[in-house]
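Participant:
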Amino acid sequence: MAMLEIQGIDAYYGRVRALSDVSLSVDTGEVVALIGSNGAGKTTTLRTISGLLHPPAGSIWLDGQDITNVQPARRVEMGICHVPEGRRLFSRMSVDDNLTLGSYTRHDGSARVQEDRQRVFELFPRLRERQSQIAGTLSGGEQQMLAIGRALMTRPKVLMMDEPSLGLAPILVETIFGIIAEINQQGVPILLVEQNAHKALEVAHRAYVLETGSIVKTGPGQELLQSEDVARAYLGM
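With the sequence shown counted from 1, adding 934 to any position gets you this note's numbering.
1) Applying the criterion that 16 or more other CB atoms from any shown protein chain within 10 Å of the CB defines a buried residue, is residue 1079 buried or exposed?
2) In the DSSP assignment, what residue or residues form a beta bridge with residue 941?
3) Within the chosen definition, does the region 1027-1047 reach the region 978-990 through at least 3 CB pairs nearer than 8 Å?
4) Apart from the five residues on each side of it in sequence, which residues of its chain come closer than 6 Å, Cβ to Cβ, to residue 1011?
5) Within 10 angstroms of its Cβ, does residue 1016 collect 16 or more other Cβ (buried), or is it exposed?
6) Note down, in chain order, each residue of its chain lying with its Cβ closer than 8 Å to the Cβ of residue 1144, except the 5 sequence neighbours on either side.
7) Between residue 992 and the rest of its own chain, which residues show a CB-CB distance below 7 Å, the 5 nearest in sequence each way excluded?
8) Let me confirm a value: residue 1105 is counted as buried when at least 16 other C-beta atoms fall within 10 Å, else exposed. Which label applies?
9) Given a cut-off of 8 Å, decide if residue 1050 and residue 1089 are closer than it, judged by their beta-carbon atoms.
10) Mind checking residue 1120: buried by the 16 CB within 10 Å criterion, or exposed?
11) As an exercise, report each continuous beta strand (DSSP E) stretch of at least 3 residues that is fully enclosed by the region 1084-1155, in chain order.
12) Would you please state the rounded distance, in angstroms, between the beta carbons of residue 1083 and residue 1054? I believe it to be under 8 Å.
13) I'd like the list of long-range same chain contacts for residue 1032, defined as Cβ closer than 7 Å, with 5 residues on each side in sequence excluded.
14) Report the start-end ranges of each beta strand (DSSP E) in the region 938-981 that is 3 residues or longer and not cut off at the edges.
15) Unbroken beta strand (DSSP E) runs of length 3 or more, entirely within the region 1000-1067: which are they?
16) Which residues does DSSP list as the beta-bridge partners of residue 936?
17) Taking 6 Å as the limit between beta carbons, can you name the residues of its chain near residue 1152, skipping five residues before and five after?
18) Measure the beta-carbon distance from residue 1097 to residue 1048 and round it to whole angstroms, keeping in mind my assumption that it falls under 8 Å.
19) When DSSP labels each residue in this structure, what does residue 1171 get in the three-state scheme?
20) Using a Cβ-Cβ cut-off of 7 Å (strictly less than) and excluding sequence neighbours within five positions of residue 1060, which residues of its own chain qualify?
21) Could you give the C-beta distance for residue 1099 and residue 1110, rounded to a whole number, given that I count them as a contact under 8 Å?
In structure tokens:
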């Protein structure tokens, strides 16, 4: 069953068409990767799903509900959570306060929120050690962990990640992708935008290739990993 489905989406920045008739889905239990070159429309796709851009054509469905005209804040309450490129933490606030803000839209009681906070600390032991540290003083890898942890505090139905490995040392890239796989194994569907196409395809059940605002190829992650066309264009081979 599709937890997230977008059908025939167009998007514009002013008069510039950024997406053209884009359709994709994320099923329950899946990691779906969206790969493509810079400027292909990957981030625009996530921004449109989040409600930061409104599509003049097409529709967006979450868990069987049409959310095309739902306000961004309400989409978070309904289960769409977006970890943006650049992390966008509240840099002058503590780790703990950032996590608390992640749970702001929830109405299911403090016990369940605390349960999820402990789950975040199990995934990211470093954050437990740095609960009172100001977020802006964390390392790049720790900030990415906090951005993901804050997103998990919303208890998302679909977690969208934009370039989670950007700017990280290779050893931390491995750590982040291991955590992405673990989060998914815990039952969270993930839509992943990632410039490191090789790592994205390794972890993805399925993937879409986006070029100049249009989907040009789709298939299982492992199948696209073996594709000569994809290898030449995106894997540096």
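We put the CB at the ideal spot given by N, CA and C, even for glycine.
Facilitator: To lay it out plainly:
1) For residue 1079, the number of other beta carbons within 10 angstroms of its own is at least 16, and it is reported as buried.
2) Looking at the DSSP output, residue 941 bridges to 993.
3) No, they do not touch.
4) Within the same chain, residue 1011 has close Cβ partners 1039.
5) Buried, since its Cβ has 16 or more Cβ neighbours within 10 Å.
6) Closer than 8 Å at Cβ, skipping near neighbours: 956, 968, 969, 970, 974, 975, 976, 979 and 1150.
7) These residues qualify, in order along the chain: 940, 941, 942, 943 and 944.
8) By the 10 Å Cβ count, residue 1105 comes out exposed.
9) Contact: yes.
10) That one is exposed.
11) 1092-1096, 1124-1127, 1140-1145 and 1148-1154, all fully within the region 1084-1155.
12) Going by Cβ atoms, the distance from residue 1083 to residue 1054 rounds to 4 Å, so yes, they are a contact pair.
13) Excluding residues up to 5 positions away in sequence, 1023, 1024, 1069, 1080 and 1084 lie with their Cβ nearer than 7 Å to the Cβ of residue 1032 in the same chain.
14) Counting only runs of 3+ residues, the beta strand (DSSP E) found wholly inside the region 938-981 occupies 950-961 and 965-969, in chain order.
15) List check, beta strand (DSSP E) in window: 1014-1017.
16) DSSP lists 961 as partners of residue 936.
17) Within the same chain, residue 1152 has close Cβ partners 1142.
18) Between residue 1097 and residue 1048, the beta carbon gap of about 30 Å keeps them out of contact (Cβ cut-off 8 Å).
19) Interpretation of residue 1171 is limited by its pLDDT of 49, a score under 50 that renders its predicted location unreliable; the figure taken from the coordinates is listed afterwards. Three-state result, residue 1171: coil.
20) Result list for residue 1060: 1076 and 1079, in chain order.
21) The beta carbons of residue 1099 and residue 1110 sit about 6 Å from each other, so the pair counts as a contact at 8 Å.
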